[in-house]
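For the sequence shown, the numbering used here begins at 1 and goes up steadily by one.
All residues carry an ideal CB built from backbone N, CA and C; glycine is no exception.
Please read all numbers here as calculations on a predicted model, not as lab measurements.
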Amino acid sequence: MHINPYIFILPRSPDQIVWDYKNHKQFELNLEYSIRLAHLIDNPEKFDDSNIIDTQFLSAGILATSTKETIEWGWDELSKIFHIGTKNIPCEYIPQDINEWSRHYLGHCIDVLATPAPEDRRTERPTSERIDLPHPSCLPESALATTLTGRKTCRTFTGKMVSLEEVGTLLYLSLGYLRERENDVDETIVEGLGARRSSPSGGGLNACEGFLHVQNVCGLEPGLYAYHPTDHALSFVNPLPDSPLGQLLCGQHFINNLPVGLFITARFDKLWWKYEHSRAYRMAYVEAGHISQTFQLVATALGLSTWLTGALADDQVESLLGIEESSEQPLFFVGCGQSDGQVMCTELKALLNSRGSQQ
Ligand SMILES: Cc1cc2nc3c(=O)[nH]c(=O)nc-3n(C[C@H](O)[C@H](O)[C@H](O)COP(=O)(O)O)c2cc1C
Numbered sequence: 001m002h003i004n005p006y007i008f009i010l011p012r013s014p015d016q017i018v019w020d021y022k023n024h025k026q027f028e029l030n031l032e033y034s035i036r037l038a039h040l041i042d043n044p045e046k047f048d049d050s051n052i053i054d055t056q057f058l059s060a061g062i063l064a065t066s067t068k069e070t071i072e073w074g075w076d077e078l079s080k081i082f083h084i085g086t087k088n089i090p091c092e093y094i095p096q097d098i099n100e101w102s103r104h105y106l107g108h109c110i111d112v113l114a115t116p117a118p119e120d121r122r123t124e125r126p127t128s129e130r131i132d133l134p135h136p137s138c139l140p141e142s143a144l145a146t147t148l149t150g151r152k153t154c155r156t157f158t159g160k161m162v163s164l165e166e167v168g169t170l171l172y173l174s175l176g177y178l179r180e181r182e183n184d185v186d187e188t189i190v191e192g193l194g195a196r197r198s199s200p201s202g203g204g205l206n207a208c209e210g211f212l213h214v215q216n217v218c219g220l221e222p223g224l225y226a227y228h229p230t231d232h233a234l235s236f237v238n239p240l241p242d243s244p245l246g247q248l249l250c251g252q253h254f255i256n257n258l259p260v261g262l263f264i265t266a267r268f269d270k271l272w273w274k275y276e277h278s279r280a281y282r283m284a285y286v287e288a289g290h291i292s293q294t295f296q297l298v299a300t301a302l303g304l305s306t307w308l309t310g311a312l313a314d315d316q317v318e319s320l321l322g323i324e325e326s327s328e329q330p331l332f333f334v335g336c337g338q339s340d341g342q343v344m345c346t347e348l349k350a351l352l353n354s355r356g357s358q359q
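Next up, the structure:
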């Protein structure tokens with residue numbers, strides 16, 4: 001007999017909470033059950049199938065008859081608990097098409113709005129106590145300012161083909177190792193850590209990587225591709241799955257015809273290699289956020305509209321990217337294409353209009 005390797009125990013007097021963080025289950029154990037579990041942790045071979053507590057532990061998955069395969073993690077327990085504990089969160093309901101998504105999303109918004117809004121920030125002050133800052137009287141005529149003000153999340157894409165030049169520009173400027181920075185390497189930088197991107201990177205490790213999701217790019221077969229930042233090149237990983245893109249992104253079907261997207265992953269083993277503490281786990285997400293924003297700004301500058309999400313069907317995405325059970329994990333998705341600039345899909349708008357006309 002074995003103890004499930006994905007549990008931790010939280011004391012909450014008078015009980016102990018046994019938390020199976022992989023399967024998102026929690027059990028409250030009273031003293032009798034806690035003592036019995038302590039004995040079994042000490043020696044799982046003491047399992048006794050005539051003991052009702054032992055059999056309950058087994059059926060609850062706290063005990064297992066075989067050793068469960070543990071993920072190659074490369075980091076400490078706290079980061080593992082958080083990351084795996086927030087993965088594959090069971091969705092009560094995954095919409096199967098755009099109309100279902102619209103109804104479900106609208107219902108959710110109505111429920112949220114029916115609850116009181118969070119209170120003002122503690123630092124909120126009346127207008128009379130605020131110091132007004134000057135508004136920029138005229139924005140500098142730089143492309144950057146225009147790009148920054150032009151970025152917007154859109155949710156209706158035409159599906160129109162994106163060119164390979166656009167994809168090359170997007171990847172080089174958001175994830176590529178910049179040739180322009182090659183001669184600007186300080187002698188204090190350790191060999192092997194000299195590569196630089198347009199986005200800052202925790203410890204200069206470039207722990208984030210990218211996989212391109214191609215549906216309609218000129219010159220590329222549809223599929224998933226790994227991006228290689230040193231060579232500024234792609235390699236084919238997998239064909240597209242049969243299910244639409246929205247299914248991989250927790251039912252957000254309005255995005256099904258997005259021509260191109262980027263899954264941003266993080267190499268946890270690389271971060272842990274330099275920073276042996278859980279706090280560095282936060283940096284993986286911060287870095288992914290920088291890359292995502294840069295991708296969106298480059299896309300906007302190219303005249304493309306953008307969309308982004310952290311709602312991933314983790315296991316499915318990992319398999320598609322060929323990184324299942326590894327210390328490289330997908331964190332975020334950002335994509336772009338031609339759009340009519342709508343913030344919401346037609347189906348949701350129609351639903352809202354029909355509700356409006358009923359009232
Ligand atoms: C971390 C993060 C996660 C997001 N996830 C989603 C998502 O799952 N689906 C979606 O349609 N938009 C998502 N968005 C986009 C936000 O809804 C959008 O940024 C927000 O409404 C503000 O609009 P704007 O981007 O046009 O300024 C996400 C944005 C961020 C920063």
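> Hey, how far is the Cα of N51 from the Cα of K68?
Replying inline: 23 Å
> First and last residue of the alpha helix (DSSP H) that includes E191?
Replying inline: Segment: none, E191 is in no alpha helix (DSSP H) and carries neither H nor E.
> Under the three-state reduction of DSSP, which class applies to K25: helix, strand or coil?
Replying inline: strand
> Rounded to the nearest angstrom, how far is the Cβ of I89 from that of Y6, given a contact under 8 Å?
Replying inline: That belief does not hold up - the Cβ atoms of I89 and Y6 are roughly 15 Å apart, past 8 Å.
> V260 lies in the beta strand (DSSP E); which residues open and close that run?
Replying inline: V260 to R267
>> Please identify the residue among L249, G341 and Y172 whose C-alpha is closest to the C-alpha of I98.
In response: L249
> Taking any heavy atom of ligand 1 as the mark, which residues have a C-beta closer than 6 Å to it, listed down the chain?
Replying inline: K152, T153, R155, Q252, L308, T309, G310 and A311
> What's the gap between the Cα of L29 and the Cα of P14?
Replying inline: 9 Å
>> So if DSSP puts V18 in a beta bridge, which residue, or which two residues, is it bridged to?
In response: I9 and F27
>> For the pair the stretch 127 to 137 and the stretch 187 to 205, tell me if three or more CB-CB distances fall below 8 Å.
In response: no
> Which runs of the beta strand (DSSP E), 3 residues or longer, sit entirely within the stretch 232 to 309?
Replying inline: 233 to 238, 260 to 267 and 305 to 309
>> Suppose you measure from the CA of A117 to the CA of N353; what does that come to, to the nearest Å?
In response: 24 Å
> Counting along the chain, where does the beta strand (DSSP E) carrying Q329 start and finish?
Replying inline: E328 to G337
>> For a test of the three-state rule: what should DSSP assign to V112, helix, strand or coil?
In response: helix
> Which one of S243, G159, E180 and K80 has the shortest CA to CA distance from A280?
Replying inline: K80
> Is it the case that the Cβ atoms of Q338 and S305 are separated by a distance below 8 Å?
Replying inline: yes
> Out of P330, C336 and L297, which has the shortest C-alpha to C-alpha gap to P259?
Replying inline: C336
> Looking at Q342 and T156, is the spacing between their C-beta atoms short of 8 Å?
Replying inline: yes
>> Tell me the rounded alpha-carbon separation between T346 and R12.
In response: 48 Å
>> So N4 and I62 are supposed to be a Cβ contact under 8 Å. How far apart are they, rounded?
In response: 6 Å
> Where do the ends of the beta strand (DSSP E) carrying F211 lie?
Replying inline: C208 to V214
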